[in-house]
Amino acid sequence: MIPEQMRRESSNEARGGVRMKKVALTGAHASAEAMKQINPDVVPVYPITPQTPMMEKFCYFKAEGEVDTEVVLVESEHSVMSVAVGASAAGARVMTASSSQGISLMNEVLSVASGSRLPILMNVVNRAVSAPLNIHCDQCSTMSVRDLGWVQLFAETSQEAYDLTLIGMKLAEAMKNPVMVCQDGFITSHCVEILEILEQEKARKYVGDYNPKNKLLDVNNPMTFGAWQMPSHYMDTKIEQQKALMDAFKEYPKAAKEYEAVSKRSYGFLEEYKMKDAEAVIVTTGSAAGTTKAVIDRMRDKGKKVGLLKIVLMRPFPYNEIANVLSKAKAACILDRAVAFGGNAPLYGDVMQACYSLNKKPKISGSVFGLGGRELYEEQIEKIFNDLLAGKNTEEYVK
Amino acid sequence: MNIRKIPAVTANNVQNSPIDNSVQKTPKTTELSIKEFSDMESNFAPGHGSCSGCGFPMIVRTVLKAAGKNTIAAVATGCLEVTSTQYPRSAWKIPCIHSLFENSAATISGAESAYRALKRKGKVKENLNFVVFAGDGGTYDIGLQSLSGMLERGHKVVFVCYDNGAYQNTGNQRSSGTPYSAHTTTTPVGKAIKGNMLFRKDIVRIAAAHNIPYVAQAAVHNWQDLFEKAKKAFSANGPAFLNVFSPCQLNWGTPTDMAIDISKLAVNSNFWPLFEIENGKYKLNYKPSSTAPLEEFLKQQKRFRHLLLPENKQYLENLRKKVNEEWDKLLKQCNEGA
């Protein structure tokens, strides 16, 4: 069950008298703004499209003296995450960002970060992976690292990219676990939207000071970080890591609730959009949720009972909450902006597993869309809803 | 723990703040007797699992004696790491981090950057030294990119390569630090091919090409030289790199009590010259009064034994030629007469 405060019915109601600064920013700049407000101790930087404007903006803040972060301009993404690991183990607050090939290159270090329980915040801008080379949006690379022990939060808009960066930093440090905040390349990262940002002091106060108990730099209490383990210990460590990651189910609602108190914006594991009586449901994540909402509004005007289930918390995956929401639907289409070669698309597979325990299952089909930046049109979403309402399977690929 | 009397020289342990640009004077090690040196507190504990007669524990202890207590170490995956950090034990009495094979330089770059940030914010009070230990695989090969990045960015870190001439932790596979003609499991001596047919990568000059303040080559048997070089490295105003000869009895095929002798022969035969490059200036640190025959060095080691067979004379001469060329080049760079 989702606690009542974790449900989010989207609305445009006024923000209860909280003064908020409205700004026009791209998703990348919105995340950079949140990073600036946090003013982390160390930020390793390496350029990759479409993440680059985020780090460019952060380096601009550094050059202007708006942050006093140690910016480390490294020679690869492998070193980005390696510097992040060294700095975080040392006791510093660490943030960075990457995309696609960069995520692939740093893959083995991602496991070191999570296996060492280091609270690094990485903004990921979703982009396709080679070959063929493609710099545009899909979620294949991000999904390919979803089982490496990081918390994954997916943003739909610039607003969410900003908010989740602040929430994610607090969450990472509360859990002692690294967090990825993912936004869609170009669609979110490069499109200007109006968003509300906190006053700097409020943002900084929300995230709080960072003073970890165990620090590599503590020479008076010397510790060895990264000791290797034989079969006698390794498995127990991994079980503990799995338990620790599941703490997100407790810590994320806490961090989100505290954030709601300062921002009047609430975040849950999921966002339900017009789901109360929805018979046909699209389940997706990221920017496609926005297009889906527009279609839902139009179809609702014609009396069609359609709704959206948007997944915000991708890892750990909220199986029970998703099953609970889908138990009331007649049919659902899982829309993946990713493929998993030789298997079910990532989100589709996860949602199918979530629904396995339901006595009364909705008819579930899965469609892959938007690979390498292929557009998703409202008409295509409308067709999916109409297929679901007609009891038909949706098409395997939305082309 | 038995904390012994520390001789006066350690009071001069150089612990520059990374922001401090002053170059401190290097203490003279000639004042230090072998007794005093061995009595100095070592922050690398006994009881680790390295092979008997292995070279690197002596290198680590010597470097850490020069570094002092307030030092943060990173180790690359390899022999040193697996023999000193098996959970739940650790041989490290100073803070130590292991992340992966190729990223020890980047990992320590992160720790050193964190130090700059936290020192500025008053969250760290002490002046700290930073040191990396990696084998030749983690330095010459897979670790070269992150090492280059660390040197280029100017992190105040001492990177120590314990060079045992191959991937010894995985059982003696060729690295780009493997000497010419050496037998390894991936360059076995066979009927058609006589071991490693490539010459070593010139890692010391590659490090020096980053225009860092201090680069040196040392060998495990000469503790005074290594200690002094480590002191200079830690007092350098920027990154420093030490390449240290580290015999591997297991895979070089030498008796377990020969590490020091082999190391001496390597230097006395001009196979492994002791030199340093301080602010771009080359200096030869040791010149054998009479050069030992290369064969004396080679014949002690199974990995080179085939070179002494008459049918392989050509390979021996190839190696000798290279050693002589390198020695002559070095003498010129050091402004030394032949």
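Protein sequences, first through last, are from chains D and S. All residue numbers for the first sequence refer to numbering that gives the first Met the number 0, where the first residue is 0 and numbers rise by one. All residue numbers for the second sequence refer to numbering that gives the first Met the number 0, where the first residue is 0 and numbers rise by one. Every residue, glycine too, gets a C-beta built ideally from N, C-alpha and C. As the structure is a computational prediction, the values presented were derived from the model and not from experiment.
For the pair D224(S) and V218(D), the Cα-to-Cα distance works out to about 27 Å.
Residues of chain S with a Cβ closer than 7 Å to the Cβ of M222(D) are, in chain order, P94.
Boundaries of the beta strand (DSSP E) harbouring K309(D): V305 to I310, taken from the DSSP string.
Any Cβ of chain S closer than 8 Å to the Cβ of V73(D) would place that residue at the interface, and such an atom is present. With contacts defined as CB atoms closer than 8 Å, L249(S) and I211(S) fail to qualify as a contacting pair. Taken through DSSP and simplified to helix, strand or coil, C190(D) comes out as coil.
A distance below 7 Å between beta-carbons, with the five flanking residues on each side excluded, links E381(D) to the following residues of its chain, in chain order: V294 and M298. By DSSP's assignment, S366(D) forms a beta bridge with L334(D). Note that the C-beta distance between Y205(D) and L165(D) is below 8 Å.
Membership of F240(S) in the beta strand (DSSP E) is indicated by the continuous run A239 to F244. In this structure, G142(S) is the residue among N171(S), G142(S) and L307(S) with its C-alpha nearest to the C-alpha of V159(S). One thing to note: E195(D) has its Cβ within 8 Å of the Cβ of Q158(D). Per DSSP, the continuous beta strand (DSSP E) segment holding Q151(D) begins and ends at V150 to F153. Only exposed fits P254(S), as fewer than 16 other CB atoms lie within 10 angstroms of its CB. With respect to chain D, the C-beta atom of Y161(S) has no partner C-beta closer than 8 Å.
Residue environment: K193(S) is assigned as buried (16 or more neighbouring CB atoms within 10 Å of its CB, all protein chains considered). L127(S) reaches chain D at L216 and V218, counting residues in chain order whose Cβ is nearer than 8 Å. No Cβ of chain D is located within less than 8 Å of the beta carbon of I192(S).
In chain order, A113, A116 and L117 make up the part of chain S whose C-beta sits under 7 Å from the C-beta of D40(D). Beta-bridge analysis with DSSP links F224(D) to I96(S). A check of alpha carbon separations from V180(D) across T95(D), G90(D) and I321(D) identifies T95(D) as the nearest. At least one CB atom of chain D sits nearer than 8 Å to the CB of N69(S). Among the CB atoms of chain S, none fall inside 8 Å of the CB of E257(D). Using a 10 angstroms sphere on the CB of R119(S), the tally of other CB atoms stays under 16, which defines it as exposed.
With contacts defined by Cβ atoms closer than 8 Å, S81(D) and T106(S) form a contacting pair.
Identification of chain S residues near Q228(D) by a Cβ-Cβ cut-off of 7 Å yields Y86, ordered along the chain.
Counting only residues of its own chain and dropping the five nearest sequence neighbours on each side, Y139(S) has a CB closer than 7 Å to the CB of S174, S175, G176, K200 and I202. Excluding five sequence positions before and after M19(D), the CB atoms of its chain that fall closer than 6 Å to its own CB belong to E195, given in chain order. For V22(D), the CB contacts under 7 Å within the same chain, skipping 5 residues up- and downstream, are L194 and I196 in chain order. The beta-carbon of I107(S) is placed less than 8 Å from the nearest beta-carbon of chain D. Among the residues of chain D, those whose CB is under 9 Å from the CB of S147(S) are E74, following chain order. Counting of Cβ neighbours within 10 angstroms places T236(D) among the exposed residues, the total staying below 16. At a cut-off of 8 Å between beta-carbon atoms, E107(D) makes contact with chain S.
Taking a C-beta cut-off of 7 Å against chain S, the contacting residues of the segment 80–98 of chain D are S81, V82, A83, V84, G85, A86, A88, A89, G90 and A91, listed in chain order. Less than 8 Å separates the beta-carbon of V124(D) from that of A27(D). Scanning the segment 117–169 of chain D for uninterrupted alpha helix (DSSP H) segments of 4 residues or longer gives 139–143, listed from N- to C-terminal end.
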